[in-house]
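**Q**
Residue numbers (my numbering): 4 to 99.
Next comes the structure, spelled out in structure tokens:
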């Protein structure tokens, strides 16, 4: 019933939180011969077979061209501000 939860969990506390969210109390855990939900979660976590191989680190999928686009987009407000200031100075002239 909770297999997917146990397979995705990174530690027993995550399982305990989900069990409590599903309404499992210490009294329910006692029916399974555990003193509380946390010890039940620890056993559930230990019983699930896990792939012990560490996953390969993700490759940097962003191309340099895409990064350049983000950099230019970040610089755009500053360029527009400088262009506006230059335009105001050219059209209005010096202050009186």
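Glycine included, C-beta positions come from ideal geometry on N, C-alpha and C.
#1: Can you have a look at residue 159 and say buried or exposed, based on whether 16 or more other CB atoms are within 10 angstroms of its CB?
#2: What's the C-alpha gap between residue 48 and residue 10?
#3: In whole angstroms, what is the alpha-carbon distance linking residue 77 and residue 20?
#4: Since residue 22 and residue 40 are thought to touch, with beta carbons under 8 Å apart, how far apart are those beta carbons, to the nearest angstrom?
#5: Check for me: the alpha helix (DSSP H) holding residue 40 runs from which residue to which?
**A** Quick answer:
#1: With the chain represented from 4 up to 99, any question about residue 159 goes unanswered, as that position is not in the structure.
#2: Position 45 of the chain shown, counting from 1, holds the residue named residue 48. Position 7 of the chain shown, counting from 1, holds the residue named residue 10. Spanning the alpha carbons of residue 48 and residue 10 requires a straight line of approximately 8 Å.
#3: As a position in the chain shown, residue 77 is number 74, starting the count at 1. As a position in the chain shown, residue 20 is number 17, starting the count at 1. Cα atoms of residue 77 and residue 20: separation of roughly 41 Å, rounded to the nearest angstrom.
#4: Taking the chain shown and counting its residues from 1, the one referred to as residue 22 is at position 19. Taking the chain shown and counting its residues from 1, the one referred to as residue 40 is at position 37. Contact check for residue 22 and residue 40: beta-carbon distance about 5 Å, within the 8 Å limit, so the pair qualifies.
#5: Along the chain shown, read from residue 1 onward, the residue named residue 40 stands at position 37. Annotation: the continuous alpha helix (DSSP H) that includes residue 40 extends over 40-50.
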